[in-house]
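Residue numbering for the sequence shown follows UniProt numbering, beginning at 1 and increasing consecutively. Heads up, the beta-carbon is just placed ideally off N, CA and C, and yes, glycines get one too. Quick caveat: nothing in here was measured; it's all calculated off a predicted structure. Step one of this worksheet: look at the structure below.
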Amino acid sequence: MEAKQMELNEVEKRENITTKEFASYFGYGFGQCISFGLVGSYILFFYTDILGISAAAASMIFLIARTWDAVNDPMMASVMDTLHSKHGKFRPYLKYMPFFIVIITIICFLPLDGLSPTAKILFAGGTYILWGMIYTVSDVPYWSLSTVMSQDAQERTKLITFANMGVFAGIGLSPVVFIPLAEWIGQGDQGKGYFWATVILMAFALPVMLNGFKNTEERVKPPKTKVKLSDAVRAVRANKPMFAILVVFFCNVFMNITQALNVFFFTYNLGNASLMSIFGIISLASCVGFFVIPSLARRFKKKHLLITIVAIDIVVRIVWFSLGYSSVVVSFIFISITMLLYTATGPLISAMLAETIEYTELKTGKRNEAVTFSGQTFTGKLSVAIAGGLTGVILTWINYAPNQEQTVATMDALFFVVALLPALGSLIRLIVMYFYSYTEVEYNDVLKKLEQRKWKENPTY
1 MEAKQMELNE VEKRENITTK EFASYFGYGF GQCISFGLVG SYILFFYTDI LGISAAAASM
61 IFLIARTWDA VNDPMMASVM DTLHSKHGKF RPYLKYMPFF IVIITIICFL PLDGLSPTAK
121 ILFAGGTYIL WGMIYTVSDV PYWSLSTVMS QDAQERTKLI TFANMGVFAG IGLSPVVFIP
181 LAEWIGQGDQ GKGYFWATVI LMAFALPVML NGFKNTEERV KPPKTKVKLS DAVRAVRANK
241 PMFAILVVFF CNVFMNITQA LNVFFFTYNL GNASLMSIFG IISLASCVGF FVIPSLARRF
301 KKKHLLITIV AIDIVVRIVW FSLGYSSVVV SFIFISITML LYTATGPLIS AMLAETIEYT
361 ELKTGKRNEA VTFSGQTFTG KLSVAIAGGL TGVILTWINY APNQEQTVAT MDALFFVVAL
421 LPALGSLIRL IVMYFYSYTE VEYNDVLKKL EQRKWKENPT Y
């Protein structure tokens with residue numbers, strides 16, 4: 001009895017996660033986000049410039065897809081929370097979904113030679129929506145898996161840090177490799193180049209993703225109570241910290257807008273479109289910041305780390321804007337700093353979201369990991385879609401003229417958006433985090449209460 005009570009007083013529950021397991025978990029996110037990077041970065045250009053679909057029709061496809069996601073993602077996540085198998089609750093998806101991800105990504109980039117314009121629109125719309133559904137069934141279990149691999153806060157932070165590294169590396173691979181590979185293969189035929197470059201990259205991604213299933217383990221057992229679809233509604237309503245974190249995550253929309261406008265900024269303000277390749281390298285290099293996040297999270301609360309990062313980001317962007325864009329070197333110094341700060345927020349936000357799982361379990365008796373992370377998946381896709389729509393609005397607002405020398409007013413307005421708009425997102429994050437009260441202290445208290453509840457229900461636990 002006393003020994004059991006001593007165990008309950010231990011707030012942190014340690015599990016041994018091996019280096020191979022961390023690497024495998026990273027690999028699945030890396031392979032999966034090669035697909036996300038290809039579709040997110042190049043599908044609009046593929047639709048308009050290769051398939052010949054109008055920009056208006058492409059925008060309608062995106063709007064329909066995101067509207068469907070709003071209904072579909074939580075619904076699919078609710079189903080995931082009800083199912084278990086001999087491989088666990090989330091690992092089975094990592095076993096089978098890589099094949100579907102690879103196939104649908106390749107199909108999305110079929111050249112569709114010989115089809116009518118209407119047929120191309122219908123095919124593009126159907127495959128894009130199907131890609132989004134398949135990606136959800138892969139992405140939600142992937143992030144949810146981190147919550148059942150360990151309940152130790154530091155181990156989770158490390159896991160999610162590796163996951164975010166995989167995300168940035170997978171997405172960052174496309175601007176570095178995809179276009180040169182497509183041009184080399186296509187030899188002037190963009191449709192052929194895009195298709196076979198996609199085939200090659202997804203063939204590379206498949207075994208990397210499958211290894212994520214092979215070398216991971218679920219250690220946290222869910223409550224034995226049966227989970228019903230209706231429980232998802234209760235979980236969402238009970239999880240107030242989750243909503244706060246999703247607001248913080250949605251603020252990525254400001255950075256997404258900026259990244260979509262970078263090619264215009266490099267082309268006209270800095271005078272060289274090829275600087276995009278340097279930006280791609282900087283984006284990949286900024287992932288080095290991930291390595292310090294776990295050690296910092298051991299010393300400081302994640303809330304305070306996030307507040308510090310976004311506050312620094314605001315200051316740095318104000319200084320950059322005050323100095324202007326006349327110097328390419330100075331601009332890239334500030335771009336590098338802001339990218340490093342931006343990437344550092346990823347693992348902190350995801351780790352804080354993961355900690356709300358136990359909050360839901362304490363309030364409702366159900367963990368509902370998939371429902372929680374479906375919020376992240378949907379919010380991420382929504383922020384990308386909104387950023388894509390607002391980019392065109394902003395270009396119109398600043399009187400951008402394609403393939404022409406821009407006016408000073410247009411370039412100044414473009415610089416204002418690139419340099420300062422993400423500071424608005426950081427300010428919103430700062431405000432939300434200031435009032436956020438569910439920190440490591442509360443999380444560890446929730447863990448202790450859950451242990452006590454389980455012991456009362458089953459003294460042999």
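**Item:** Selected residue, minimal CA-CA separation from PHE266, among PHE46, GLU442, VAL329
**Value:** VAL329
Inset, instruction - Assuming ARG219 and SER331 form a contact by the criterion Cβ under 8 Å, report the distance between their Cβ atoms to the nearest whole angstrom. - result: At roughly 47 Å, the Cβ-Cβ gap does not stay under 8 Å, so ARG219 and SER331 are not in contact.
Inset, instruction - Note down, one range per segment and in chain order, each alpha helix (DSSP H) of at least 4 residues found wholly within the region 153 to 227. - result: 153 to 173, 179 to 186, 190 to 214
Minimum C-alpha distance to residue 464 - residue among PHE213, MET433, THR338
Limits of the chain in this structure are 1 at one end and 461 at the other, which puts residue 464 out of reach.
| Does DSSP put SER426 in a helix, a strand or coil? | Look at SER426 here: in three-state DSSP terms it is helix.
For VAL446, collect the residues of the same chain with a Cβ closer than 7 Å to its Cβ; drop the 5 residues on either side in sequence, then sort them by chain order. GLU358, TYR359, LEU362
Quick check on GLU155: buried or exposed, where buried means 16 or more other Cβ atoms within 10 Å of its Cβ?
The residue is buried, with at least 16 neighbouring Cβ atoms inside 10 Å.
Which of helix, strand or coil DSSP assigns to CYS251: coil
Worksheet entry | Proximal residues to ILE121 (C-beta, below 6 Å), its chain only, five neighbours per side dropped | ILE53, ALA57
- Message: If contact is defined by three or more beta carbon pairs under 8 Å, each pair taking one atom from either stretch, is the region 249 to 266 in contact with the region 422 to 433?
- Response: yes
Burial state of ILE281 (16 or more Cβ within 10 Å) = exposed
With 8 Å as the threshold, decide whether the Cβ of THR439 is near any Cβ in chain C.
The structure shown contains no chain C, having only a single protein chain.
| Is it true that the CB of SER286 sits closer than 8 Å to the CB of LEU348? | no
Indicate whether the contact test is met: 3 or more Cβ pairs, each with one atom in the region 185 to 203 and one in the region 60 to 70, closer than 8 Å. no
Check: Mapping DSSP to helix, strand and coil, what is TYR96?
Finding: If DSSP states are grouped into helix, strand and coil, TYR96 belongs with the helices.
For TYR47, collect the residues of the same chain with a Cβ closer than 7 Å to its Cβ; drop the 5 residues on either side in sequence, then sort them by chain order.
ILE53, ALA58, ALA124
So, helix, strand or coil for LEU229, using DSSP?
Low per-residue confidence applies at LEU229: pLDDT is 48, beneath 50, and the placement is therefore not dependable, though the value from the model is reported in the following sentence. LEU229: coil per DSSP, three-state reduction.
GLU358 - containing alpha helix (DSSP H), residue span:
328 to 364
TODO: Just the C-alpha distance for LYS449 and TYR436, rounded to the nearest angstrom, thanks.
DONE: 21 Å
Cα-Cα separation between LEU229 and MET411, rounded to whole angstroms: For LEU229, the predicted model reports a pLDDT of 48, less than 50, meaning its position is unreliable; a value from the coordinates is still stated below. Computed Cα separation, rounded: 51 Å.
Whole-number beta carbon distance between VAL247 and VAL432, since they are thought to touch under 8 Å
6 Å
Legend entry - Exposure of GLU7, with buried meaning 16 or more beta-carbon neighbours within 10 Å: For GLU7, the predicted model reports a pLDDT of 44, less than 50, meaning its position is unreliable; a value from the coordinates is still stated below. So GLU7 counts as exposed.
Check your understanding: Excluding sequence positions up to five away, which residues of its chain have a Cβ less than 6 Å from the Cβ of GLY346?
Key -> If we look at GLY346 and ignore the five residues flanking it on each side, its Cβ neighbours are ASN164.
- Could you have a look at THR407 and say whether DSSP puts it in helix, strand or coil? coil
Verify whether the separation of the beta carbon atoms of VAL148 and GLU369 is less than 8 Å. yes
Inset, instruction - Identify whether ASP113 lies in helix, strand or coil by the three-state DSSP scheme. - result: coil
query: Are there 16 or more other CB atoms within 10 angstroms of the CB of THR19, so buried, or fewer, so exposed?
result: exposed
Can you name the start and end residues of the alpha helix (DSSP H) that GLN32 belongs to?
19 to 45
Go through its chain and collect everything with a Cβ distance to ALA297's Cβ below 6 Å, but skip five positions before and after it.
THR157
Subject >> ILE171 to VAL39 span [Cα, whole Å] >> reply: 10 Å
* To do: Throw me the rounded Cβ distance for the PRO141 and ILE50 pair, which I believe falls under 8 Å.
  => At roughly 33 Å, the Cβ-Cβ gap does not stay under 8 Å, so PRO141 and ILE50 are not in contact.
- Item | Status (buried if at least 16 other CB within 10 Å, exposed otherwise) for VAL227 | In this predicted model, VAL227 has a pLDDT of only 49, less than 50, meaning its place in the structure is not dependable; the value taken from the coordinates is given anyway. Looking at its Cβ environment, which holds 16 or more other Cβ atoms inside 10 Å, VAL227 is buried.
Opening and closing residue of the alpha helix (DSSP H) in which SER322 lies = 302 to 323
* PRO98 and LEU261: beta carbons closer than 8 Å? -> no
* To do: Measuring alpha carbon to alpha carbon, tell me which of LYS381, TYR443, HIS87, TRP397 ends up nearest THR356.
  => TYR443
Query raised in the report: Does DSSP classify GLY52 as helix, strand or coil?
Result: In the three-state reduction of the DSSP assignment, GLY52 falls in the coil class.
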